[in-house]
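Asks: Take a look at this one; I'll ask things after.
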Amino acid sequence: MTFENILANINGFGRFQIMIIVISFIGRFTLPCHFMLNNFIAAVPAHHCDISSLDDGGIFRNLSQAEKLAVLIPLQADGTPNSCQMFADPQYHLLLNSSDMTELDTVPCQNGWVYDNRTFKSTLTSQWDLVCDRRGKNKATATIFFVGVMFGAVSFGSLSDRFGRRIMLLLSYVSGMFFAVASAFSTSYVMFCMLRFFTGFCITGIVIISTVLSVEWVDIEHRKLVGVIDSLSWTFGNTIFAAIAYFVTDWRWLIVSVSSPLTLAIITWRWMPESARWLIANGKLEQAQKYLKICAKINRTEEFIHILKTETLSTIVVTEKRDRPYSYLDLIRTAKMRKLALCTGIMWFCVATAFYGISFNITGFGLNIYLTQFTYALIELPAKVSVYYLLDKIGRRGTEVGALLMVGVCLGINIVIPKDMSVVRTVVAVIGKGFSSASFATVVLYSSELYPTVVRQNGMGYNSFMARIGVAVAPLILLLDEVWKDLPQVVLCSVAVLGGVVARTLSETRNRCLPETIEDIEQL
């Protein structure tokens with residue numbers, strides 16, 4: 020008997036499974052908000068040197084604000100005040116001839132900066148003056164967060180395979196909310212960076228644990244639906260995030276606002292069951308029996324409760340050392356597991372690099388930052404709905420390979436399209452973003468079906484780690500335009516094609532039982 024036989028008897032997609040999906044959806048809402056948070060909290064408002072304290076004791080004090088700016092702040096090519104430089108001395112002749120700025124001595128801002136607060140009431144940039152020669156610190160806040168996400172993925176993947184999905188999900192909820200809210204009350208830049216690292220470390224457990232929990236409780240027929248719904252929670256969060264950011268323009272309250280849904284997630288956690296698959300694989304048959312009976316009762320299939328005996332459950336999976344803790348080393352102990360880990364790791368790296376490389380590089384909409392965020396989120400919706408139908412029509416592998424290759428095609432097309440055809444380039448980039456979203460939606464479900472139950476969470480943690488490396492690398496790839504303008508597109512195109520080629524080497528999982536042990540993988 021297999022676990023799928025048990026699910027078939029007690030309904031593998033009933034009210035019990037819908038409850039799990041809803042609870043997971045609530046907890047996952049905050050994730051895209053935090054992942055894209057730097058677009059708003061670290062935004063750089065228009066700014067120029069602060070000249071309010073300057074007074075030469077003469078005619079300067081009698082000038083209007085516009086005249087003071089004219090004699091102290093040089094203009095940029097677009098006619099706006101320079102953001103980082105000021106004249107060494109007031110240039111009063113510019114009041115008569117503002118175009119005569121040749122060979123005038125300038126110096127860096129001496130007394131801080133003045134920021135345009137019309138769009139943002141407060142950001143990290145204006146809070147700690149992260150502009151000009153300090154702008155690298157501004158970018159570092161996002162990198163530090165994703166480094167935390169990277170290490171959190173590895174840690175929570177291992178811990179949830181050892182101690183269970185349910186308790187580690189609660190730990191991720193509570194710790195993630197604690198560090199997120201604490202970061203909103205940071206009193207220094209260093210304190211903020213430390214707390215953002217731990218925020219990323221803790222909340223990443225939500226996505227990898229909730230995904231696996233959902234997949235392990237549903238039957239084969241509905242696994243693709245669960246995968247797409249989990250992915251749509253990301254799109255939903257991104258869409259709502261644009262509205263939240265529009266109304267909450269102070270960076271501290273924005274962090275609190277997007278973290279507050281975790282309160283509801285913590286409350287609803289009490290109804291989240293442990294994975295019966297994990298319990299059986301680890302020899303905890305009585306607990307597995309308890310949750311399976313609850314599932315049967317909620318799904319109104321009580322007539323099958325009599326088959327849920329511990330003796331029956333013990334025949335579902337047989338391992339030589341049921342009490343042995345599994346670790347990341349088990350991903351490389353045997354030949355086929357090594358190949359699986361290598362291929363899925365490369366695939367996740369390529370998917371994440373292409374997705375975020377395109378996301379950070381789509382330009383030409385002519386929209387403000389809120390509409391842009393909203394548009395990016397809507398682009399993902401048709402792509403992910405299409406995935407739902409394609410997963411069964413052409414399979415998980417075919418969908419992943421096709422999506423990644425089409426990302427490469429779109430990036431390649433944009434290399435040859437002339438730069439002055441901005442509208443065409445933008446349309447192609449948007450299509451590429453859609454395909455990259457489809458690849459991301461597919462890879463999560465596909466990978467969770469490839470790994471056996473005993474190391475599934477370790478596998479997903481490792482894959483998430485590889486993806487976060489891709490996230491960290493994507494902004495660096497975009498900096499290659501200083502070497503050659505099209506080099507970032509060439510690199511991203513190559514990465515996407517590589518991901519498609521590697522995905523082609525993996526086995527198809529459509530309509531197949533989930534592997535339970537490492538032996539199941541080796542015997543395929």
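This note's numbering applies: residue 20 is where the sequence shown begins, and numbers increase by one.
Cβ atoms here follow ideal geometry from the backbone N, Cα and C, with glycine treated the same way.
1) Just checking, does the stretch 201-219 make contact with the stretch 311-319 on the three C-beta pairs under 8 Å criterion?
2) So for L525, helix, strand or coil by DSSP?
3) Could you tell me the distance, in whole angstroms, from the CA atom of V245 to the CA atom of Q104?
4) Return the Cβ separation of L390 and A522 in integer angstroms, given the expectation that the two are a contact with Cβ distance under 8 Å.
5) Please state whether DSSP places Y208 in a helix, a strand or coil.
6) Go ahead and pull the three-state DSSP assignment for I25.
7) In whole angstroms, what is the alpha-carbon distance linking L464 and L499?
8) May I ask you to report which of helix, strand or coil DSSP gives C567?
9) What separation, rounded to the nearest whole angstrom, lies between the Cα atoms of Y407 and A373?
10) Should P534 go down as buried or exposed, given a rule of 16 or more other Cβ atoms within 10 Å for buried?
11) Beta-carbon within less than 6 Å of S483's beta-carbon, same chain only, minus the 5 sequence neighbours each way: which residues are those?
12) Tell me where the beta strand (DSSP E) around P127 begins and ends.
13) If you draw a straight line from the alpha carbon of A457 to that of S72, how long is it in whole angstroms?
14) Could you compute how far the alpha carbon of W288 sits from the alpha carbon of T142?
15) Between the stretch 360-368 and the stretch 474-490, do three or more beta carbon pairs fall short of 8 Å?
16) Since G224 and L188 are thought to touch, with beta carbons under 8 Å apart, how far apart are those beta carbons, to the nearest angstrom?
17) Are W290 and M38 closer than 8 Å when you measure CB to CB?
18) Once you ignore the five residues that flank I163 on each side, which residues in its own chain have a CB closer than 7 Å to its CB?
19) Leaving out five residues on either side along the sequence, give the residues of the same chain with a beta carbon under 8 Å from the beta carbon of D152.
20) Compare the C-alpha of G33 against each of V428, A315, S177 and name the closest.
21) My assumption, with CB atoms under 8 Å, is that T544 sits in contact with H53. Please give the rounded CB distance.
22) Quick check: what's the CA-CA separation for D124 versus Q84?
23) If you drop the 5 nearest sequence neighbours on each side, which residues of the same chain put their C-beta closer than 8 Å to that of V231?
24) Taking the beta carbon of D328 as the centre, do at least 16 other beta carbons fall within 10 Å, making it buried, or is it exposed?
25) Going by DSSP, what residue range makes up the alpha helix (DSSP H) through C429?
26) Taking 8 Å as the cut-off, decide whether the C-beta atoms of D69 and V150 are in contact.
Replies: This is what the structure holds:
1) no
2) Taking the first residue of the sequence shown as position 1, residue 525 is located at position 506. It is coil, neither helix nor strand.
3) In the sequence shown, the residue the question calls residue 245 occupies position 226. In the sequence shown, the residue the question calls residue 104 occupies position 85. C-alpha separation (whole angstroms): 54 Å.
4) Within the sequence shown, residue 390 is the residue found at index 371, counting from 1. Within the sequence shown, residue 522 is the residue found at index 503, counting from 1. The Cβ separation is near 34 Å, so there is no contact.
5) For the purposes of this step, residue 208 is taken as the residue at position 189 of the sequence shown. Y208: helix per DSSP, three-state reduction.
6) Locating residue 25 in the sequence shown gives position 6, counting from the first residue. Three-state DSSP puts I25 in a helix.
7) Within the sequence shown, numbered from 1, the residue matching residue 464 stands at position 445. Within the sequence shown, numbered from 1, the residue matching residue 499 stands at position 480. Between L464 and L499, the C-alpha separation is close to 33 Å.
8) What the structure shows of the chain is the stretch from 20 to 543, and residue 567 is not part of that stretch, so it cannot be assessed.
9) Working through the sequence shown from its first residue, we reach residue 407 at position 388. Working through the sequence shown from its first residue, we reach residue 373 at position 354. Y407 and A373: Cα-Cα distance of roughly 21 Å.
10) Position 515 of the sequence shown, counted from the start, is the residue given in the question as residue 534. Label assigned to P534: buried.
11) On the sequence shown, residue 483 is found 464 positions in, with the first residue counted as 1. Same-chain partners within the cutoff: A172, I227.
12) Taking the first residue of the sequence shown as position 1, residue 127 is located at position 108. First-last of the beta strand (DSSP E) with P127: 125-127.
13) Residue numbering aside, residue 457 sits at position 438 when the sequence shown is read from its first letter. Residue numbering aside, residue 72 sits at position 53 when the sequence shown is read from its first letter. Computed Cα separation, rounded: 54 Å.
14) To locate residue 288, count along the sequence shown from 1; it is residue 269. To locate residue 142, count along the sequence shown from 1; it is residue 123. Looking at the two C-alpha atoms, the distance is approximately 33 Å.
15) yes
16) Looking up residue 224 in the sequence shown gives position 205. Looking up residue 188 in the sequence shown gives position 169. Sure, about 7 Å apart at Cβ, within 8 Å.
17) Position 271 of the sequence shown, counted from the start, is the residue given in the question as residue 290. Position 19 of the sequence shown, counted from the start, is the residue given in the question as residue 38. Yes, the pair counts as a contact, with Cβ atoms nearer than the cut-off.
18) For the purposes of this step, residue 163 is taken as residue 144 along the sequence shown, with counting starting at 1. The answer, listed in chain order, is C212, R215, F216.
19) Mapped onto the sequence shown, residue 152 falls at position 133. Taken in chain order, the residues that qualify are C103, P127.
20) Locating residue 33 in the sequence shown gives position 14, counting from the first residue. Nearest option by C-alpha distance: A315.
21) Here the chain covers residues 20 to 543 and nothing more, so residue 544 does not appear.
22) The sequence position of residue 124 within the sequence shown is 105, counting from 1. The sequence position of residue 84 within the sequence shown is 65, counting from 1. Their backbone Cα atoms lie some 21 Å apart in a straight line.
23) Counted from its first residue, the sequence shown places residue 231 at position 212. Only S179, R184, S294, S467, R475, Q476, M479 meet the Cβ criterion.
24) One-based indexing of the sequence shown puts residue 328 at position 309. The sequence shown places Lys at residue 328, not Asp. Answer is exposed; the Cβ neighbour count stays below 16.
25) Working through the sequence shown from its first residue, we reach residue 429 at position 410. It spans 414-435 - the alpha helix (DSSP H) in which C429 sits, taken as one unbroken run.
26) Mapped onto the sequence shown, residue 69 falls at position 50. Mapped onto the sequence shown, residue 150 falls at position 131. Cβ atoms of D69 and V150: not closer than 8 Å.
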